[in-house]
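Engineer: One structure, pasted below without further comment.
Residue numbers (our numbering): 906 to 1450.
Shown next, in the form of structure tokens:
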């Protein structure tokens, strides 16, 4: 008698989530893009979503994080090289993204909704790999800082905005397209960049020689970097290219690559400058305002990227539960699991909507001063909130999948390790909260714009009205503002999410969000929704395949 078991086949297993369209399967994203002025991108976003959801690109993300970058400091003869070697899968993702214009569309589209277009493409790209999104973000974000120096902008911007990916290690002016990195923080200061001791000495005209050390240099194979250094007039911003104008190597030396928790496909290095050739961006002593233009744009991508990773994890959880049988029926059919999936979906919908609303704010800010001031403060709020909520969502989504998600052959461990970086990069939670307070206190127009936004939201929902009353009371207590800064930002974030969902999402979803997130008896763990209404609608609005 033959044995009844076939040991070569595992029963009740879930198919890999691949070869699906990450845009058209996500109704919440599509609705937000339409609502905020990016509807003209529908065809391009659909094509890009199909590519990003393909097995080919999913595997590229996996391989690039397994075959991580390697620093080569010298050639075999002992000459300095300072190059980083990447697996072809990394270049494959970079090429696809740059050809699509992820880094450039906001600057080249020439129409309303250009920032929304950038954000939806960035969102879709982020879901296959966090690491390669880093140089894309910085190349996108460097544009406003470069524009401060007209001569530099004229030379560099055509290559920054090029849709040709050129990873060759040659002088920038011989390339078809370039990427940018950034080096701000130092060992002794971290987020306190005013404590920097790297210094720059004038060498004639706008040229300086920089000497010092940076503890974190993002994307060290970039063609140029924005760097902060001290001058006689204070902290200043400089462009430091990899090659000098005569084609010789600039004097910047990478000492090692960081062994990071996640973000493995992206190299991050420690760099020394030995009288490195540099050009001044803006005025001496005005380095922080100059580089903050770049930082502000990267914060938009942090909020967007966290929403994207959150969505990828929730989609994986929903997919698993729809295919896995437990206790006689699909896992997704069990009421308690429905509660968990709907709660996670609600968070993903809110984060996605918040990110796209921020992008719409960047668009509107080009012609509306009030929107400009609102977006400056709302971006810090969104960066704070989305990045923190994503970390919590990843843990619960992983738990939904269980052991099959906890092994390295699943995408979940990589997503889990990757997601904290956006909370740390460009200022951690306290920095964002303090920036919100600083804007409130030192930029009256930002405070006025935020209050006007909330005034327009009054009457939309009783729970939202109560949330706004509590926020107003907190803002009135000036002596406790710094101590309670995180409470202020949390309440502001939830109020913005609620207002935007009421305006853009199906009513059942907005109502569920207000009830679950704004009421006094809201709960602290996932799967604690008290209203069974529309749970499947919420889940389908997040992931419909």
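The C-beta atom is built at its ideal place from N, Cα and C for all residues, glycine as well.
#1: Name the DSSP beta bridge partners of residue 1174, please?
#2: Spell out a yes or no on whether the region 937-952 and the region 1018-1031 are touching, meaning 3 or more CB-CB pairs, one atom from each, closer than 8 Å.
#3: Compute the Euclidean distance between the alpha carbons of residue 1378 and residue 1392, then round it to the nearest angstrom.
#4: Would you tell me roughly how many angstroms separate the C-alpha atoms of residue 1032 and residue 1436, rounded to the nearest one?
#5: At what residues does the beta strand (DSSP E) containing residue 987 begin and finish?
#6: Going straight from the alpha carbon of residue 1179 to that of residue 1296, what length do you get?
#7: Check whether the Cβ atoms of residue 1154 and residue 1190 sit closer than 7 Å, and answer yes or no.
#8: Give the range of the beta strand (DSSP E) segment to which residue 1067 is assigned.
#9: Please report the residue range of the beta strand (DSSP E) in which residue 1106 lies.
#10: At what residues does the beta strand (DSSP E) containing residue 1219 begin and finish?
#11: I need the straight-line Cα distance from residue 1147 to residue 1052, nearest angstrom please.
#12: With DSSP as the reference, please indicate the residues paired to residue 1186 in a beta bridge.
#13: Would you check if the region 1206-1221 and the region 1255-1272 touch, i.e. whether three or more CB-CB distances between them fall below 8 Å?
#14: Which complete alpha helix (DSSP H) runs does the region 1332-1383 hold, if anything under 4 residues is left out?
#15: Check the Cβ-Cβ distances between residue 1380 and every residue of chain D, and say whether any is below 7 Å.
#16: Name the two residues that bound the continuous alpha helix (DSSP H) containing residue 1249.
#17: Mind reading off the beta-carbon distance from residue 1207 to residue 1061? Whole number of angstroms is fine, and I expect it under 8 Å.
#18: Could you tell me the boundaries of the alpha helix (DSSP H) in which residue 963 lies?
#19: How is residue 979 classed by DSSP in three states: helix, strand or coil?
#20: So, are the CB atoms of residue 1486 and residue 1216 less than 7 Å apart?
#21: For a quick check, are the C-beta atoms of residue 1111 and residue 1185 less than 7 Å apart?
#22: For residue 1204, which residues of its own chain have a beta-carbon under 6 Å away from its beta-carbon, when the five flanking residues on both sides are left out?
#23: Which runs of the alpha helix (DSSP H) fall wholly inside the region 1021-1081 and span at least 4 residues, in chain order?
#24: Just list the residues that DSSP pairs residue 1399 with in beta bridges.
#25: Residue 1032: beta carbon under 6 Å from a heavy atom of the ligand NAP?
#26: The alpha helix (DSSP H) with residue 1317 in it runs from where to where?
#27: Do residue 968 and residue 1009 have their C-beta atoms within less than 7 Å of each other?
#28: Which residue from 937, 1049, 918 puts its Cα closest to that of residue 1406?
#29: With contact counted as at least three CB pairs below 8 Å, one residue from each stretch, are the region 1385-1403 and the region 1331-1343 in contact?
#30: For the region 914-953, which segments carrying the alpha helix (DSSP H) assignment without a break, of at least 4 residues, lie completely within its bounds, in sequence order?
#31: Which partner residues does residue 1112 have in the DSSP bridge list?
#32: Can you name, in chain order, every residue of its own chain whose Cβ lies under 8 Å from the Cβ of residue 1016, other than the five neighbours on each side?
#33: For residue 966, which residues from the same chain have a beta carbon less than 6 Å from its beta carbon, with the 5 sequence-adjacent residues on both sides left out?
#34: Below 6 Å CB to CB, which residues in the same chain sit around residue 1069 once its five sequence neighbours on both sides are set aside?
#35: Just checking my contact of residue 1446 with residue 1414 at CB under 8 Å: how many whole Å lie between their CB atoms?
#36: Residue range of the alpha helix (DSSP H) that residue 1420 falls in?
Structural biologist: So, from the data block:
#1: Here residue 1174 refers to the residue found at position 269 of the chain shown. For residue 1174, which the question treats as bridged, DSSP gives the partners 1122, 1162.
#2: Yes: at least three Cβ pairs fall under 8 Å.
#3: By one-based count along the chain shown, residue 1378 stands at place 473. By one-based count along the chain shown, residue 1392 stands at place 487. About 12 Å.
#4: Along the chain shown, read from residue 1 onward, the residue named residue 1032 stands at position 127. Along the chain shown, read from residue 1 onward, the residue named residue 1436 stands at position 531. Straight-line Cα distance between these residues: approximately 30 Å.
#5: Counting from one through the chain shown, the residue named residue 987 turns up at place 82. Boundaries of the beta strand (DSSP E) harbouring residue 987: 985-990, taken from the DSSP string.
#6: Locating residue 1179 in the chain shown gives position 274, where the first residue counts as 1. Locating residue 1296 in the chain shown gives position 391, where the first residue counts as 1. So the alpha carbons of these two residues sit roughly 39 Å apart.
#7: For the purposes of this step, residue 1154 is taken as residue 249 along the chain shown, with counting starting at 1. For the purposes of this step, residue 1190 is taken as residue 285 along the chain shown, with counting starting at 1. Not a contact, by the Cβ cut-off of 7 Å.
#8: The residue given as residue 1067 occupies position 162 in the chain shown. In this chain, residue 1067 is not harboured by any beta strand (DSSP E), its DSSP state being neither H nor E.
#9: Position 201 of the chain shown, counted from the start, is the residue given in the question as residue 1106. Where residue 1106 is concerned, the enclosing beta strand (DSSP E) stretches over 1104-1107.
#10: In the chain shown, residue 1219 corresponds to position 314, counting from 1. Per DSSP, residue 1219 is not a residue of any beta strand (DSSP E); the alpha helix (DSSP H) it occupies stretches across 1192-1228.
#11: Locating residue 1147 in the chain shown gives position 242, where the first residue counts as 1. Locating residue 1052 in the chain shown gives position 147, where the first residue counts as 1. A direct Cα-Cα distance of roughly 20 Å separates residue 1147 from residue 1052.
#12: Position 281 of the chain shown, counted from the first residue, corresponds to residue 1186. Among the bridge pairs identified by DSSP, residue 1186 is matched with 1142.
#13: Three or more pairs of CB atoms, one per stretch, sit closer than 8 Å, so the region 1255-1272 contacts the region 1206-1221.
#14: At a cut-off of 4 residues, the continuous stretches assigned as alpha helix (DSSP H) that sit fully inside the region 1332-1383 are 1334-1347, 1349-1362, 1367-1381.
#15: Of the protein chains in this structure there is only one, and it is not chain D.
#16: Against the chain shown, residue 1249 aligns to sequence position 344. Residue 1249: member of the alpha helix (DSSP H) spanning 1240-1269, first to last residue.
#17: Translated into the one-based positions of the chain shown, residue 1207 becomes position 302. Translated into the one-based positions of the chain shown, residue 1061 becomes position 156. By a beta-carbon distance limit of 8 Å, residue 1207 does not contact residue 1061. Their separation comes to about 24 Å.
#18: Numbered from its first residue, the chain shown carries residue 963 at position 58. First-last of the alpha helix (DSSP H) with residue 963: 960-971.
#19: Locating residue 979 in the chain shown gives position 74, counting from the first residue. The answer is strand: DSSP assigns residue 979 an E or B state.
#20: In the structure as shown, the chain starts at 906 and stops at 1450, and residue 1486 therefore has no counterpart that could be examined.
#21: The residue given as residue 1111 occupies position 206 in the chain shown. The residue given as residue 1185 occupies position 280 in the chain shown. Yes, the Cβ-Cβ distance between residue 1111 and residue 1185 is below 7 Å.
#22: By 1-based counting over the chain shown, the position of residue 1204 is 299. Cβ within range, chain order: 1284, 1288, 1331.
#23: If we require 4 residues or more, the alpha helix (DSSP H) runs fully inside the region 1021-1081 come out as 1038-1046, 1048-1051, 1055-1065.
#24: As a working note, residue 1399 is residue 494 in the chain shown. Beta bridge pairing from DSSP links residue 1399 with no other residue.
#25: The ligand NAP is not part of the structure shown, which contains no ligands of any sort.
#26: As a first step, residue 1317 must be located in the chain shown, where it is residue number 412. Taken as a continuous stretch (DSSP letters only), the alpha helix (DSSP H) holding residue 1317 covers 1317-1323.
#27: Reading the chain shown from its first residue, position 63 is the one you call residue 968. Reading the chain shown from its first residue, position 104 is the one you call residue 1009. Result no, Cβ atoms of residue 968 and residue 1009 do not sit closer than 7 Å.
#28: For the purposes of this step, residue 1406 is taken as the residue at position 501 of the chain shown. When only C-alpha atoms are compared, the closest one is 937.
#29: Result yes; three or more Cβ-Cβ pairs closer than 8 Å.
#30: Listed in chain order, they are 932-940.
#31: By one-based count along the chain shown, residue 1112 stands at place 207. Bridge partners of residue 1112: 1184.
#32: Within the chain shown, numbered from 1, the residue matching residue 1016 stands at position 111. Taken in chain order, the residues that qualify are 945.
#33: Walking along the chain shown from the start, residue 966 turns up at place 61. Residues of the same chain with a CB within less than 6 Å of the CB of residue 966, apart from the 5 flanking positions on each side, are 1033, 1034 in chain order.
#34: Your numbering for residue 1069 matches position 164 in the chain shown. Excluding sequence neighbours, residue 1069 sits near 1081, 1082.
#35: Here residue 1446 is taken as the residue at index 541 of the chain shown, counted from 1. Here residue 1414 is taken as the residue at index 509 of the chain shown, counted from 1. Contact flag correct, Cβ pair sits at about 6 Å.
#36: The count along the chain shown starts at 1 and reaches residue 1420 at position 515. Segment 1412-1422, the alpha helix (DSSP H) holding residue 1420.
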